[in-house]
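Letter 258 of the sequence shown, counting from 1, is numbered 953 in our numbering, and no numbers are missing. C-beta atoms are modelled at their ideal positions from N, C-alpha and C, and glycine is treated no differently. Notes follow once the structure below has been shown.
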Amino acid sequence: MAGEFTKARTMNFPRTTVFGHNVLEQTADICRSLLFGEDGIIITGRNTYEAAGKQVEDLVSEHFNVAPVFTDGCDHDNVEKAKAAAKEMRSTFILAIGGGSKIDTAKLVSNDLGIPFVSIPTSIAHDGICSDRASMKNEEGAPLTVQACPPMAVIADTGVLVKAPYRFLASGCADVISNMTALKDWDFARKIKDEEFSTSAYTMAHYAAESLINNSTLIKPGLEESIWLVLKPVIASGVSMCIAGSSRPTSGSEHMFSHALDLLHPGKALHGEQCGVGCIMMMCLHGGDWKQIRDALKNIGAPTTAAELGLSSDDVVDALVAANKVRKDRFTILGENGLTRNAALNLARTTGVI
696 MAGEFTKART
706 MNFPRTTVFG
716 HNVLEQTADI
726 CRSLLFGEDG
736 IIITGRNTYE
746 AAGKQVEDLV
756 SEHFNVAPVF
766 TDGCDHDNVE
776 KAKAAAKEMR
786 STFILAIGGG
796 SKIDTAKLVS
806 NDLGIPFVSI
816 PTSIAHDGIC
826 SDRASMKNEE
836 GAPLTVQACP
846 PMAVIADTGV
856 LVKAPYRFLA
866 SGCADVISNM
876 TALKDWDFAR
886 KIKDEEFSTS
896 AYTMAHYAAE
906 SLINNSTLIK
916 PGLEESIWLV
926 LKPVIASGVS
936 MCIAGSSRPT
946 SGSEHMFSHA
956 LDLLHPGKAL
966 HGEQCGVGCI
976 MMMCLHGGDW
986 KQIRDALKNI
996 GAPTTAAELG
1006 LSSDDVVDAL
1016 VAANKVRKDR
1026 FTILGENGLT
1036 RNAALNLART
1046 TGVI
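In structure tokens form, the structure reads like this:
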């Protein structure tokens, strides 16, 4: 007789996702439809408050009592600052207005205090605007990815997002395109290590990356239509993590390379930019079409070389050698022993990264 079936899974998704031109105007109505209480906080930054925070505060103030909390970066101190403000106001909801660090801070506060939040991005530098994963820095300043809460709603105004520096959009595209090697790593781990696998999460993350590759020539600076093309894949990429219950469909060896760069040579480039370059090299290791990845990134205007990342050849080789040590719990094409220095050097040269 077969053993008793005991498998169970909880999946949390955004309840409402609204994106397009001038959708910020719907913020108050969306908050009311979600039955939020009267009091809430706005987690934002000084610049992002000017970009959209003040407008949102004015839009919702007729129905809600909200106050801005200014944070800079996502770390323990900023999370505790926002939590203290939420407790003081007896906040029943959070509006997160800004880039990745503001939204990630809100995810952690939402998770710790058990109150819902709305994600209102002012830039798309990575695929975390609607996921249930948060990136923060630990006490040593090293990057850390933790389980958190997804937003209850996402409001992405293309008219706001198009005003952000184009570099952020290109970085977000590169982050999503890098799903291609993350998925190859996941499938590899399924075959070699019998790792748990979700076909639905795989399919959604693959769609997101493939969509941006296929439309890479249409993504240009200053075009609101380009934001529109990018948003659905970015959202789909985030939702794939909610389905999988981890970052597995969107984070593999290319992200380990990026995290190694953050540890060894911090602040040189954006997260998505590093993942894009990592994806070129890891696709080569997989024996896949790395030139397709490189060409899509070039079409979008994302970096494809060490020099474009502001890195030296040695910086890239150092990160490649160290990459497999970043997450020892995640099996990838890098294997358990990683790359030798000569192998890393040959890989970077073969792909034109150095």
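**Prompt:** Considering only residues of the same chain and omitting the five flanking positions on each side of leucine 1015, which have a CB-CB separation below 6 Å?
**Reply:** As a position in the sequence shown, residue 1015 is number 320, starting the count at 1. Same-chain partners within the cutoff: Leu1034 and Ala1039.
**Request:** Could you have a look at leucine 754 and say whether DSSP puts it in helix, strand or coil?
**Result:** Locating residue 754 in the sequence shown gives position 59, counting from the first residue. Reduced to three states, the DSSP call for leucine 754 is helix.
**Asked** Does DSSP put alanine 820 in a helix, a strand or coil?
**Response** Here residue 820 is taken as the residue at index 125 of the sequence shown, counted from 1. Coil.
**Item:** Start-to-end residues for the beta strand (DSSP E) that takes in glutamine 721
**Value:** Position 26 of the sequence shown, counted from the first residue, corresponds to residue 721. Taken as a continuous stretch (DSSP letters only), glutamine 721 belongs to no beta strand (DSSP E), as it is neither H nor E.
**Asked** If you draw a straight line from the alpha carbon of isoleucine 819 to that of glutamate 699, how long is it in whole angstroms?
**Response** Residue numbering aside, residue 819 sits at position 124 when the sequence shown is read from its first letter. Residue numbering aside, residue 699 sits at position 4 when the sequence shown is read from its first letter. So the two alpha carbons sit approximately 45 Å from each other.
**Message:** In this structure, how does DSSP classify arginine 1022 when only helix, strand and coil are distinguished?
**Reply:** For this step, residue 1022 is matched to residue 327 along the sequence shown. Arginine 1022: coil per DSSP, three-state reduction.
**Request:** Could you tell me the distance, in whole angstroms, from the CA atom of glutamate 1003 to the CA atom of leucine 959?
**Result:** Locating residue 1003 in the sequence shown gives position 308, where the first residue counts as 1. Locating residue 959 in the sequence shown gives position 264, where the first residue counts as 1. About 17 Å.
**Prompt:** How is proline 961 classed by DSSP in three states: helix, strand or coil?
**Reply:** By 1-based counting over the sequence shown, the position of residue 961 is 266. Reduced to three states, the DSSP call for proline 961 is coil.
**Item:** Euclidean distance between Cα positions of proline 928 and serine 911
**Value:** Here residue 928 corresponds to residue number 233 of the sequence shown, with the count starting at 1. Here residue 911 corresponds to residue number 216 of the sequence shown, with the count starting at 1. If you take the alpha carbons of proline 928 and serine 911, they lie about 12 Å apart.
**Item:** Unbroken alpha helix (DSSP H) run spanning isoleucine 863, endpoints
**Value:** In the sequence shown, counting from the first residue as 1, residue 863 sits at position 168. The sequence shown places phenylalanine at residue 863, not isoleucine. Taken as a continuous stretch (DSSP letters only), the alpha helix (DSSP H) holding phenylalanine 863 covers 861–872.
**Message:** Is the separation between the beta-carbon of serine 826 and that of glycine 933 shorter than 8 Å?
**Reply:** One-based indexing of the sequence shown puts residue 826 at position 131. One-based indexing of the sequence shown puts residue 933 at position 238. Yes, Cβ-Cβ distance for serine 826 and glycine 933 is below 8 Å.
**Request:** Please state whether DSSP places phenylalanine 952 in a helix, a strand or coil.
**Result:** Taking the first residue of the sequence shown as 1, we reach residue 952 at position 257. If DSSP states are grouped into helix, strand and coil, phenylalanine 952 belongs with the helices.
**Item:** Close-in-space but distant-in-sequence residues of the same chain around isoleucine 938 (CB under 7 Å, 5 per side omitted)
**Value:** Stepping through the sequence shown from its first residue, residue 938 is reached at position 243. Excluding residues within five positions, the ones whose Cβ falls inside 7 Å are Met706, Ser893, Ser895, Ala896 and Met899.
**Message:** Looking only at its chain, what residues have a beta carbon closer than 6 Å to the beta carbon of aspartate 852, apart from the 5 residues adjacent to it on each side?
**Reply:** Translated into positions along the sequence shown, residue 852 becomes position 157. Within the same chain, and ignoring the five residues on either side of aspartate 852 in sequence, the residues whose Cβ sits closer than 6 Å to its Cβ are Val718 and Leu719.
**Message:** Measuring straight from C-alpha to C-alpha, what distance separates glycine 1047 and glycine 1005?
**Reply:** What you label residue 1047 is simply residue 352 of the sequence shown in a count that begins at 1. What you label residue 1005 is simply residue 310 of the sequence shown in a count that begins at 1. Taking the straight line from one Cα to the other gives about 15 Å.
**Message:** Cutting at 8 Å between CB atoms, please list the residues of its own chain near phenylalanine 765, excluding the five before and the five after it.
**Reply:** As a position in the sequence shown, residue 765 is number 70, starting the count at 1. Excluding sequence neighbours, phenylalanine 765 sits near Thr739, Gly740, Arg741 and Tyr744.
**Asked** What residue range is occupied by the uninterrupted beta strand (DSSP E) comprising alanine 848?
**Response** Reading the sequence shown from its first residue, position 153 is the one you call residue 848. For alanine 848, the enclosing beta strand (DSSP E) begins and ends at 848–852.
**Message:** With H, G and I counted as helix, E and B as strand and the rest as coil, what does DSSP make of methionine 706?
**Reply:** For the purposes of this step, residue 706 is taken as the residue at position 11 of the sequence shown. Correct three-state label for methionine 706: coil.
**Message:** Runs of 4 residues minimum, wholly inside the region 761–819: which ones carry the alpha helix (DSSP H) assignment?
**Reply:** Qualifying alpha helix (DSSP H) stretches, in chain order: 771–784 and 795–808.
**Item:** With 16 other Cβ atoms within 10 Å as the buried cut-off, status of serine 728
**Value:** Locating residue 728 in the sequence shown gives position 33, where the first residue counts as 1. Classification of serine 728: exposed, given that the 10 Å Cβ count is below 16.
**Request:** Tell me whether alanine 829 sits in a helix, a strand or coil according to DSSP, three-state version.
**Result:** Locating residue 829 in the sequence shown gives position 134, where the first residue counts as 1. DSSP places alanine 829 in the strand class (E or B) of the three-state scheme.
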